[in-house]
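A.B. asks: My questions will all concern the structure given below.
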Amino acid sequence: MDLITKKIIHLQHIKGMTWKRIYLLLKQDPSLQSLYQLPPSKLQHLLKISPTLASNLYHQLQSTNIDLFLEEYSKKQIDFIPIYDENYPALLKTIHQPPWGLYCMGDKKLLKNNKNLAIVGSRRGNEYGKKAIHFIVQRLVHHHFQIVSGLAKGIDTFAHNATIMNKGKTIAVIGGGFYHLYPTENRQLAKKITEEHVLISEYAPIMKPEKWHFPARNRIISGLSVGTILVQAGEKSGSLITANHALEQGRDVFVLPGSIFDPLSKGGHQLINEGATLVPSIDDLLEQLY
Numbered sequence: 001m002d003l004i005t006k007k008i009i010h011l012q013h014i015k016g017m018t019w020k021r022i023y024l025l026l027k028q029d030p031s032l033q034s035l036y037q038l039p040p041s042k043l044q045h046l047l048k049i050s051p052t053l054a055s056n057l058y059h060q061l062q063s064t065n066i067d068l069f070l071e072e073y074s075k076k077q078i079d080f081i082p083i084y085d086e087n088y089p090a091l092l093k094t095i096h097q098p099p100w101g102l103y104c105m106g107d108k109k110l111l112k113n114n115k116n117l118a119i120v121g122s123r124r125g126n127e128y129g130k131k132a133i134h135f136i137v138q139r140l141v142h143h144h145f146q147i148v149s150g151l152a153k154g155i156d157t158f159a160h161n162a163t164i165m166n167k168g169k170t171i172a173v174i175g176g177g178f179y180h181l182y183p184t185e186n187r188q189l190a191k192k193i194t195e196e197h198v199l200i201s202e203y204a205p206i207m208k209p210e211k212w213h214f215p216a217r218n219r220i221i222s223g224l225s226v227g228t229i230l231v232q233a234g235e236k237s238g239s240l241i242t243a244n245h246a247l248e249q250g251r252d253v254f255v256l257p258g259s260i261f262d263p264l265s266k267g268g269h270q271l272i273n274e275g276a277t278l279v280p281s282i283d284d285l286l287e288q289l290y
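Shown next as structure tokens:
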């Protein structure tokens, strides 16, 4: 492993070291050659942070033994793909604030394939959503699309399971580190994905999921994909964030229509009203994709 990759991994193990702060450090020193020589006062100036936070980041940086973590990750077959690596997903590299690197468990070769579609929706997805996803995924897998989702309850779980059942390939993007899988009831699904598919995160394995991680995670789901399919979402569903990321990234957004009497249809119908593509059938979806 080259030194800059090791230093980026080190920075990602520091609590409070955000994407923007890593960016500012790289902007000042692209090789991070002077990283360990930066005193708190310099960190404060470079990162535009308080003296207390600068001191905290400095002490974490000096006291964290990254070699121990790297040795542990190697034993657990956790890979890290930095943004400048040839195996880093090409589509993801083009988005606003792409992850500095991806931690991976499973078949990382799947990340080289750009023929990905994201399927997102409510954690409260019901039987209609489950059946619709199974029907759609069956055809998408036949056309060699990989399915990307976020391992959450409801629609995400349906999407991963439908892909596995139809012998396709799925990519699960999580909002925390591998040591803190969320939700806990999806641990077995996550294990299955690491065995035959791929589980990824921009967060170091030791990092616990935080509320703000999930909206950030959503940009990766859409960023990996040529299009995002929304299946069941309420007016304030987090999956609408993923759809908006996709639109900002210049990717297609498709919405599966639902009943006008179902609250889980409101978010999708709102997106259709704003210009997202209505998907009345799988044939229409495939026609749009090709």
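Residue 251 in UniProt numbering sits at position 251 of the sequence shown; the count goes up by one each step and never skips. Built from N, CA and C at the ideal position, the CB exists for glycine as well.
#1: Confirm, please, whether the CB-CB distance from lysine 266 to glycine 234 is below 8 Å.
#2: Do you know offhand how far lysine 42's Cα is from proline 263's?
#3: Assign histidine 10 to buried or exposed, taking buried as 16 or more other Cβ atoms, counted over all protein chains shown, within 10 Å of its Cβ.
#4: Could you say which of Gly129, Phe135, Gly168, Pro40 lies nearest to aspartate 156 if we only look at CA atoms?
#5: Check whether the Cβ of aspartate 156 lies closer than 8 Å to any Cβ atom in chain D.
#6: Assuming leucine 102 and glutamate 202 make a contact with CB atoms under 8 Å, what is their CB distance in whole Å?
#7: To which residues of the same chain is tyrosine 179 closer than 7 Å at the C-beta, ignoring the five residues directly before and after it?
#8: With distances taken between CB atoms, is the gap from residue 304 to leucine 24 smaller than 8 Å?
#9: According to DSSP, what are the bridge partners of glutamine 146?
#10: Histidine 160 and isoleucine 193 look like a contact to me (Cβ under 8 Å); what is the Cβ gap, rounded to whole Å?
#11: Suppose only complete runs of 4+ residues qualify. What are the alpha helix (DSSP H) ranges in the stretch 65-107, listed by chain order?
#12: Pick helix, strand or coil for valine 279, following the three-state DSSP scheme.
#13: Could you spell out where the alpha helix (DSSP H) holding phenylalanine 214 opens and where it closes?
#14: Between the Cα of lysine 75 and those of Asn186, Pro82, Asp67, spot the shortest distance and give me the residue it belongs to.
#15: Return the residue from the list Lys6, Ile136, Lys48, Tyr58 that minimises the CA-CA distance to glutamine 37.
#16: Which same chain residues end up closer than 6 Å to alanine 152 when comparing Cβ atoms and leaving out the 5 residues on each side of it in sequence?
#17: Beta carbon of alanine 172, beta carbon of glycine 150: below 8 Å?
#18: Grab the span of the beta strand (DSSP E) containing alanine 172 for me, first residue to last.
#19: Helix, strand or coil for valine 226? Go by DSSP, reduced to three states.
#20: Would glutamine 188 be called buried (16 or more neighbouring beta carbons within 10 Å of its own) or exposed?
#21: By the three-class DSSP mapping on this structure, what secondary structure does isoleucine 9 have?
#22: Go through its chain and collect everything with a Cβ distance to glutamine 12's Cβ below 6 Å, but skip five positions before and after it.
#23: Apply the 10 Å Cβ neighbour rule to glutamine 97 and answer buried if 16 or more other Cβ atoms are within range, or exposed otherwise.
#24: Curious, which full-length alpha helix (DSSP H) runs of at least 4 residues does the stretch 230-276 contain?
#25: Helix, strand or coil: which one does DSSP assign to serine 122?
#26: Just the C-alpha distance for leucine 3 and glutamate 72, rounded to the nearest angstrom, thanks.
#27: At the level of alpha carbons, what is the spacing between alanine 90 and threonine 242?
#28: Among the candidates Val253, Gln232, Leu47, whose CA atom is the shortest distance from the CA of leucine 285?
#29: On the premise that proline 99 lies in contact with isoleucine 220, defined as a C-beta separation below 8 Å, what is that separation, rounded to the nearest angstrom?
C.D. replies: Taking the structure as given:
#1: yes
#2: 52 Å
#3: A residue is called buried once 16 or more other Cβ atoms fall within 10 Å of its Cβ, and histidine 10 is buried on that count.
#4: Answer by Cα proximity: Gly129.
#5: Chain labels in this structure do not include chain D; a single protein chain is all it has.
#6: 6 Å
#7: Pro205, Ile206
#8: No answer is possible for residue 304: the residues shown for the chain start at 1 and end at 290.
#9: Asn116
#10: 7 Å
#11: Runs found: 66-75, 90-93.
#12: coil
#13: 213-223
#14: Asp67
#15: Tyr58
#16: The answer, listed in chain order, is Arg123.
#17: yes
#18: 170-173
#19: coil
#20: exposed
#21: helix
#22: Ala204
#23: exposed
#24: 239-248, 266-273
#25: coil
#26: 18 Å
#27: 19 Å
#28: Closest by alpha carbon: Val253.
#29: Yes, they are in contact, since the Cβ atoms of isoleucine 220 and proline 99 sit about 6 Å apart, within 8 Å.
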